[in-house]
Amino acid sequence: MKIAVDAMGGDYAPEEIVKGALRSVQEFDLEVILVGQPERIKEYLPGGNAPNKVYIQEATEIVEMDEPPAQAVRKKKDSSIVVATRLVKEKKADALVSAGSTGAQMAASLFGLGRIKGIQRPAIVTVVPTLEGGKLLLDVGANPDAKAEHLVQYAMMGSIYAESILGIQNPKVALLNIGTEESKGNELTQATYPLLKESSLNFIGNVEGRDLPFGRADVVVCEGFVGNVVLKTTEGLAGALFQLIKEKITANTIRKLGALAIKPGLKEIAEMMDYAEYGGAPL
Numbered sequence: 021m022k023i024a025v026d027a028m029g030g031d032y033a034p035e036e037i038v039k040g041a042l043r044s045v046q047e048f049d050l051e052v053i054l055v056g057q058p059e060r061i062k063e064y065l066p067g068g069n070a071p072n073k074v075y076i077q078e079a080t081e082i083v084e085m086d087e088p089p090a091q092a093v094r095k096k097k098d099s100s101i102v103v104a105t106r107l108v109k110e111k112k113a114d115a116l117v118s119a120g121s122t123g124a125q126m127a128a129s130l131f132g133l134g135r136i137k138g139i140q141r142p143a144i145v146t147v148v149p150t151l152e153g154g155k156l157l158l159d160v161g162a163n164p165d166a167k168a169e170h171l172v173q174y175a176m177m178g179s180i181y182a183e184s185i186l187g188i189q190n191p192k193v194a195l196l197n198i199g200t201e202e203s204k205g206n207e208l209t210q211a212t213y214p215l216l217k218e219s220s221l222n223f224i225g226n227v228e229g230r231d232l233p234f235g236r237a238d239v240v241v242c243e244g245f246v247g248n249v250v251l252k253t254t255e256g257l258a259g260a261l262f263q264l265i266k267e268k269i270t271a272n273t274i275r276k277l278g279a280l281a282i283k284p285g286l287k288e289i290a291e292m293m294d295y296a297e298y299g300g301a302p303l
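Per the working numbering: the sequence shown = residues 21 to 303.
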């Protein structure tokens, strides 16, 4: 497999991107194409040269995080994200990875690759850590607003992804809502519920935000605005919780001694609930 990597996208690009790419070819059976400005990329390559299974594709421009995504993608035809997307379209790469602007990535993908047949809107799906392992939440930001038919399509894509990639047979699909009753919610969720109920999916009904950490559904669907708020709130809550635990168990000597006894367990919990352990989000 050959992966096109947007070497110029992200807060710590290109250094951290190049480091990650070099590790990936050492740990996995794949090839990487680093897309971006060669002179800057080579600063972080051993001896300034690309090692085995690593290639460089020149792209002279960069789409910055604060630029209007669609406008920037149309204007900067030689940006790293546009060139990397073009490599996938031309079948010179099998997939694309970027830590840059989410909006620019979506715009470049829509303009350059198009949508799956029958899908009106793309969605960003993320793996949410739960007590039952990783579960899927989508959309988490591709489209702030959505219609009922879009949520049904998200559910279909999520169900296929859960079965094909996560290996979950007949995944349970749920609609994120403010209550579990069928009549609950706003116009969008009330219109979506009967469509999901009538579909061939394994739809189990509504779930509330508090149900997510318990993994009661394998796939949870919502519009992008809600999904993004849920994702970032959960990330922040997990970070705050572990910071609070650290402060309390190091408050005095007795607690510190007790912490030593449970340190392995705390480490396992921290790794299980750490969003960094779950990687990026597929579009």
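Beta carbons are placed, not taken as given, at the ideal position from N, Cα and C, and that holds for glycine. Fair warning: this is a prediction, and the values are worked out from it, not measured in the lab.
Rounded C-alpha distance that separates residue i from residue j
i    : j    : result
G199 : K167 : 19 angstroms
V52  : T273 : 49 angstroms
L196 : E152 : 18 angstroms
D114 : V240 : 28 angstroms
L261 : K287 : 14 angstroms
K204 : N226 : 9 angstroms
Y64  : G40  : 11 angstroms
K268 : L171 : 42 angstroms
G29  : R275 : 43 angstroms
V74  : L156 : 32 angstroms
L50  : P66  : 19 angstroms
Contacting residues, own chain, Cβ-Cβ under 8 angstroms from residue i (five flanking each side not counted)
i    : result
G154 : V147, V148, L186 and Y298
E201 : N226
Beta-carbon proximity of residue i to residue j, cut-off 8 angstroms
i    : j    : result
P191 : L303 : no
A92  : D26  : no
V55  : A33  : no
G178 : N248 : no
A258 : I144 : no
Contacts around residue i, its chain only, beta-carbon distance under 7 angstroms, and the 5 residues preceding and following it disregarded
i    : result
I217 : Inspection of the sequence shows that residue 217 is occupied by Lys rather than by Ile. Answer for K217: F223, listed in chain order.
A70  : I76
Beta strand (DSSP E) segment containing residue i, residue limits
i    : result
K155 : G153 to L158
A194 : K192 to L196
Y213 : First-last for Y213: E207 to E218, but that is the alpha helix (DSSP H), not the beta strand (DSSP E).
K22  : K22 to D26
G225 : N222 to V227
Q77  : V74 to E78
6 angstroms CB neighbourhood of residue i in its chain, flanking five on each side removed
i    : result
P88  : none
I139 : Q173
A194 : I224, V227, A237 and V240
C242 : L196
G244 : D159, G161, A162, N163 and P164
query = If you pair each beta-carbon of the region 279 to 286 with each one of the region 204 to 213, do three or more pairs fall below 8 angstroms?
reply = no
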